[in-house]
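Numbered by this note's numbering, the letters in the sequence shown go through residues 39 to 295 in order.
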Amino acid sequence: MNSLESQLRSASPPMSSVSIQEAQDLVTFAEQTMERLALASERLAEAGESQAEERGWVVTAALRVRAGQEDTQAALTEGAELPEFASKRKVKSEVLSAACADAVECVFDAIVANVSGNGPLIEALFPHQRFEALRKPGAAAQNFWLEFERRSESAYVRRLCGDPSYEFLPPLLAAAKETERELRESAKPKPLPPAREQNLRDRISVAAERLELALRQARALSEAAFAATPAVMNELNLDTKLKRRAQRSEPAKPSAS
């Protein structure tokens, strides 16, 4: 057991700050490691009581990695406001655009199903039924929505919303407006205060460092568990190491003249 404790101590050298991209790599590698540890646990379970203690080490390794992976993933989710996640925010905006179009089409479909497809309510809300314009973020979608919103606030539509015969209409209009609000807010995110940005980065870095430590400890525990059969480490890819991203050198600062 002294040998195991020594390996765990050597698995935790001082670590530097971890970037967003490196944290994402660590989360992916941790997911792969948990799958490998699950296979290792099954392999040791097949040996019965003779390998019970070693299996306990592997289970402990898996628990540590899972805890670190979940905490790092939570930190990355909390950091969605950071500039590095701009591409993901763009994807979210596209998803919300489609949801907004779906919500507006739901209003149209409900009117057709409950009233008529060519009555005055359709004319009041949808004189132009170019719903595809809503599915692509841009000026066309914005103009379509502004026109729809203006028409939905007309005296005629408000009067029908108070009519029991049209009780289906108010919740659908409200849902469409809520979806559009979410889309509008995602398209124009609020500036991120420097202090909050630093806090988010620190949270991710600290969580990722803990995960990196857990992965090193998991490797040490796996090596201890399969010390008598080291070939199994290679067979289960438990000896695989995470390939770190190359560090970009900072541009040289101009010398003072």
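Glycine is no exception: its CB is placed at the ideal position from the N, C-alpha and C atoms.
### Task
Helix, strand or coil for L82, going by three-state DSSP, please let me know.
Residue state, collapsed to three classes: helix.
### Task
Within the stretch 81-124, note down every full alpha helix (DSSP H) run reaching 4 residues or more, in order along the chain.
List check, alpha helix (DSSP H) in window: 90-116.
### Task
Tell me, to the nearest whole angstrom, how far the beta carbon of E92 is from that of L82; I am working on the premise that it is less than 8 Å.
About 6 Å; that satisfies the 8 Å criterion.
### Message
Buried or exposed for F67, going by 16 or more other Cβ atoms inside 10 Å?
### Response
With 16 or more Cβ atoms within 10 Å of its Cβ, F67 is classed as buried.
### Query
Based on Cα-Cα distance, which residue from S154, C138, Q236, F264 lies nearest to A213?
The shortest Cα separation from A213 among S154, C138, Q236, F264 belongs to C138.
### Task
Report the three-state DSSP secondary structure of F169 (helix, strand or coil).
DSSP places F169 in helix when its eight states are reduced to three.
### Message
Can you check which of these residues, R173, P209, T267, A162, is closest to F186 by C-alpha distance?
### Response
Of the residues R173, P209, T267, A162, the one whose Cα lies closest to the Cα of F186 is A162.
### Message
Whole angstroms are fine: how far does the CA of P229 sit from the CA of L251?
### Response
Between the C-alpha atoms of L251 and P229 there is a straight-line separation of about 34 Å.
### Task
Can you grab the Cα-Cα spacing for the pair P208 / E218, in whole Å?
Spanning the two alpha carbons is a distance of roughly 15 Å.
### Close Cβ partners of R241 (< 8 Å) along its chain, the five nearest in sequence each way excluded
Sequence-distant Cβ neighbours of R241 in its own chain, meaning closer than 8 Å and more than five residues away, are A113, E116, G117.
### Task
Determine the DSSP secondary structure at D240, reduced to helix, strand or coil.
DSSP places D240 in the helix class (H, G or I) of the three-state scheme.
### Message
In this structure, how does DSSP classify A265 when only helix, strand and coil are distinguished?
### Response
When secondary structure is reduced to three states using DSSP, A265 falls in the coil class, being assigned neither helix nor strand.
### Message
With the cut-off set at 8 Å, would you say A99 and L249 are in Cβ contact?
### Response
No, the pair does not count as a contact, with Cβ atoms beyond the cut-off.
### Task
Report the rounded CA-to-CA distance for E223 versus L276, giving the unit in angstroms.
The alpha-carbon atoms of E223 and L276 are separated by roughly 45 Å.
### Query
Roughly how many angstroms separate the alpha carbons of S54 and E60, rounded to a whole number?
Residue placement at S54 cannot be trusted, given a pLDDT of 45 that sits under 50; the coordinates are not used to answer.
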